[in-house]
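Heads up, the thing below is written out as structure tokens.
Residue numbers (the numbering used here): 748 to 1092.
Quick look at the structure:
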């Protein structure tokens, strides 16, 4: 009986020693491959001797090394899975304690094992890499969570930089979302027209200049984000013009207080090069207008009503919901300047 017990003991001891020797050899070889940056070979070696589907049977050190290998070959989803399996099988109770402390913002009070801190840090790196690839906020939140835990216990000095980078990227993503914005406008529209006064007797053309000063009321729509966008707007205007002959004209003609009215519409593109409160834009305006010009005896205006188009340069500054806009435009023979106040909705 004693001999039988001794034989069983020796058999079990030999089996245990053999298993332990196997683990040490696999771990040593896998670590060597990892240090040589042969990450795929290291993964294959571990998978050859251990079933990676039965992570509960794998030694802690090998499971940790397996996750690191997957991280190095940018298979971050796999890396996160094996890090989570490592936590589940070996650090679950402590992990729950850490998460509860994180919610209370008291992580610094928890004594976290060094290997668990290392797992958290590498999980954060993988979530960070996935966020950079997919822009999914869930990955960003997980990365911030684990970086914050590591930062609270002073595990790695770079955690703050990662967190700041994530927050900046999230802010940029939010600002890059395109939205519609409606606005109403009111202001002053000043422009100079070139008119043609024709002598009905001899058909001679005379250039007449009309300096128009008007008040305009309008509305518009923007579609864009904090960096660039498109806009369309329109306004109706009315006012008066002072009319006089050009230097090249052979006729003397002057008239003040001429009623003028019309419509100005435009479509364009803008950027915000300096800040979110400033805009620079380029647009294509179209203007229709009509003036009640008096015609001297024997003369007639050929273009009392005009339609013209051209290019416009716009700039604006926002103050809360109010915006001050300046506009310079050239519409064929018409030069235009406008100052408008906008209210954004």
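For every residue, glycine included, the Cβ atom is placed at its ideal position computed from N, Cα and C.
None of the values given here were measured: they were computed from a predicted structure.
- Excluding the 5 residues flanking it on each side, residue 820 has same chain C-beta neighbours closer than 7 Å at 786, 787, in chain order.
- Residues 970 of the same chain have their beta carbon placed closer than 6 Å to that of residue 927, with the five preceding and five following residues left out of the count.
- If you look at residue 874, you'll find it in the alpha helix (DSSP H) that goes 861–881.
- The three-state reading of DSSP puts residue 993 in coil, since its state is none of H, G, I, E or B.
- Residue 1055 places its beta carbon less than 8 Å from that of residue 1034.
- In the pairwise beta carbon analysis, the segment 853–871 is classified as not touching the segment 791–804: fewer than three pairs are separated by under 8 Å.
- The beta-carbon separation of residue 988 and residue 943, rounded to 15 Å, does not stay under the 8 Å limit for a contact.
- A residue is called buried once 16 or more other Cβ atoms fall within 10 Å of its Cβ, and residue 967 is buried on that count.
- At the C-beta level, residue 984 and residue 1009 come within 8 Å of one another.
- Taking a contact as a CB-CB distance under 8 Å, the pair residue 909 and residue 929 does not count as one, their CB atoms being some 39 Å apart.
- Sequence-distant partners of residue 838 (beyond 5 residues in either direction) whose C-beta falls short of 6 Å from its own C-beta, in its chain, are 863.
- It is roughly 20 Å from the alpha-carbon of residue 809 to the alpha-carbon of residue 871.
- Counting only residues of its own chain and dropping the five nearest sequence neighbours on each side, residue 896 has a CB closer than 7 Å to the CB of 845, 849, 854, 867.
- Annotation: residue 1014 is outside any alpha helix (DSSP H); the continuous beta strand (DSSP E) that includes it extends over 1001–1018.
- Of the candidates 947, 975, 1072, 986, the residue whose Cα lies closest to the Cα of residue 998 is 947.
- With 16 or more neighbouring CB atoms inside 10 Å of its own CB, residue 940 falls in the buried class.
- For residue 1042, the closest C-alpha among the options 945, 1057, 1031, 1013 is that of 945.
- A Cβ-Cβ contact shorter than 8 Å links residue 1019 with residue 975.
- Membership of residue 933 in any alpha helix (DSSP H) is not indicated; the residue belongs instead to the beta strand (DSSP E) covering 926–946.
- Per the DSSP secondary-structure output, residue 952 pairs in a beta bridge with 945.
- Looking at the DSSP output, residue 847 shares a beta bridge with no other residue.
- Separation of the CB atoms of residue 826 and residue 789 is rounded to 13 Å, and the pair is thereby denied contact status at 8 Å.
- Taking residue 1023 as the centre and dropping the five residues before and after it, the same chain places the C-beta of 973 closer than 7 Å to its C-beta, in chain order.
- For residue 1033, the enclosing beta strand (DSSP E) starts and ends at 1025–1038.
- If you check the CB distance, residue 1013 and residue 1039 do not come in under 8 Å.
- In the structure shown, residue 971 adopts extended strand secondary structure according to DSSP, grouped into three states.
- The three-state reading of DSSP puts residue 797 in coil, since its state is none of H, G, I, E or B.
- By alpha-carbon distance to residue 829, the top candidate from 773, 840, 794 is 794.
- The continuous alpha helix (DSSP H) containing residue 899 extends over residues 884–899.
- For a cut-off of 8 Å, the C-beta gap from residue 818 to residue 869 is around 6 Å, short enough to register as a contact.
- In the three-state reduction of the DSSP assignment, residue 1087 falls in the strand class, which pools E and B.
- Distances from the alpha-carbon of residue 797 to those of 772, 784, 781, 782 put 772 closest.
- Here the C-alpha atom of residue 961 lies approximately 16 Å from the C-alpha atom of residue 1052.
- In this structure, the alpha-carbon of residue 1078 lies about 13 Å from that of residue 937.
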